[in-house]
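Novice:
In our numbering, the protein residues as written are 3 to 276.
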């Protein structure tokens with residue numbers, strides 16, 4: 003157990019999801035590096051583990067990595083955990099892992115619970131290929147661009163969203179012309195009020211709007227991939243933007259329809275959403 007970093011998955015809700023290996027590692031290491039020491043302290047107390055906790059989050063990871071690597075080079079063992087689930091999945095830790103690798107310190111995965119994989123397992127959507135997007139940008143053109151890229155991808159997409167922005171995200175997907183796309187809401191996975199709802203984007207938006215309880219807790223969305231014709235939109239976007247800079251939308255639509263083999267009216271409506 004000496005001189006290594008253990009990347010340890012912890013439960014996303016149900017404490018019974020901790021692995022026997024994770025329990026042993028957390029009990030044996032000299033230091034546990036945690037995103038939020040108060041929250042992780044409560045988890046370790048519930049598991050009956052006494053450990054020396056240090057913070058490792060977005061604001062101190064660079065400095066903390068230097069300190070922890072020095073300790074590991076001196077023979078200490080360190081476990082890295084996040085607030086819940088698998089570290090580095092939309093959580094800090096990348097800099098620490100890379101610093102260990104650059105210093106020749108072994109990095110050992112201790113796998114376990116993951117909200118991404120749990121949601122995929124119950125979503126009822128294809129999982130042979132999937133795109134993990136995490137949290138989208140909060141607003142503006144960057145968010146719009148990220149959403150367009152997701153909707154153009156043929157793979158199933160997994161997204162995290164804050165509960166108070168869930169309805170707004172569903173409205174944005176619907177407004178982008180994907181209201182009939184299948185989507186699964188996975189809320190509070192492994193917890194008391196776990197909810198899994200599969201519907202169309204429009205249907206889910208209506209259900210969420212009518213049930214405030216669905217706008218609470220931890221949220222994972224699993225969105226069906228684009229049909230073949232929609233997936234081709236991503237390739238047309240650069241050309242479409244160039245044409246719109248020089249031509250009215252009607253003429254740009256005529257050119258793009260001839261180029262892509264799509265119906266002119268369909269292309270015209272698509273241009274209106276760019």
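All C-beta atoms in this analysis are idealised placements derived from N, C-alpha and C, irrespective of residue type, glycine included. This structure is a prediction, so every number in the text was calculated from the model and none was measured.
Beta-carbon within less than 8 Å of residue 80's beta-carbon, same chain only, minus the 5 sequence neighbours each way: which residues are those?
Specialist: If we look at residue 80 and ignore the five residues flanking it on each side, its Cβ neighbours are 6, 7, 8, 31, 32, 33, 34, 35, 70, 73 and 74.
Novice: Rounding to the nearest angstrom, what Cα-Cα distance links residue 239 and residue 68 in this structure?
Specialist: If I take the Cα positions, the gap works out to 44 Å.
Novice: Between residue 151 and residue 133, is the Cβ-Cβ spacing less than 7 Å?
Specialist: In this structure, residue 133 does not lie closer than 7 Å to residue 151 by Cβ.
Novice: Spatial neighbours of residue 15 within its chain, please: C-beta separation below 6 Å, excluding the five flanking residues on both sides.
Specialist: If we look at residue 15 and ignore the five residues flanking it on each side, its Cβ neighbours are 192 and 193.
Novice: Measure the CB-CB distance between residue 11 and residue 114 and report whether it falls below 7 Å.
Specialist: In contact: residue 11 and residue 114 (Cβ atoms closer than 7 Å).
Novice: How is the alpha helix (DSSP H) around residue 57 delimited, first residue to last?
Specialist: Where residue 57 is concerned, there is no enclosing alpha helix (DSSP H), although the beta strand (DSSP E) it sits in stretches over 55–57.
Novice: Could you tell me the alpha carbon to alpha carbon distance between residue 228 and residue 256, rounded to whole angstroms?
Specialist: Roughly 23 Å between the two C-alpha positions.
Novice: How should residue 22 be labelled, buried or exposed, when 16 other C-beta atoms within 10 angstroms of its C-beta is the threshold for buried?
Specialist: So residue 22 counts as exposed.
Novice: Are the beta-carbon atoms belonging to residue 17 and residue 53 less than 7 Å from one another?
Specialist: No. Outside cutoff.
Novice: Have a look at residue 165 and residue 206 and give me their C-alpha separation to the nearest angstrom.
Specialist: Approximately 14 Å, taken between the alpha carbons.
Novice: If I measure Cβ to Cβ from residue 157 and keep anything under 7 Å in the same chain, skipping five residues before and after, which residues do I get?
Specialist: Within the same chain, residue 157 has close Cβ partners 131, 132, 133 and 227.
Novice: Where does the unbroken alpha helix (DSSP H) through residue 43 begin, and where does it stop?
Specialist: Here the alpha helix (DSSP H) through residue 43 covers 39–49.
Novice: Report yes if the CB atom of residue 169 is closer than 7 Å to the CB atom of residue 211, and no otherwise.
Specialist: Going by C-beta atoms, residue 169 is nearer than 7 Å to residue 211.
Novice: Could you check the C-alpha separation between residue 2 and residue 188 for me, to the nearest Å?
Specialist: Because the chain in this structure spans residues 3 to 276, residue 2 falls outside the shown range and cannot be described.
Novice: What is the DSSP secondary structure of residue 267, counted as helix, strand or coil?
Specialist: Helix, per DSSP.
Novice: Does the beta-carbon distance from residue 85 to residue 147 come in below 7 Å?
Specialist: Not in contact: residue 85 and residue 147 (Cβ atoms no closer than 7 Å).
Novice: Which residue spans inside the segment 160–217 form an unbroken alpha helix (DSSP H) run of at least 4?
Specialist: Qualifying alpha helix (DSSP H) stretches, in chain order: 168–175 and 203–212.
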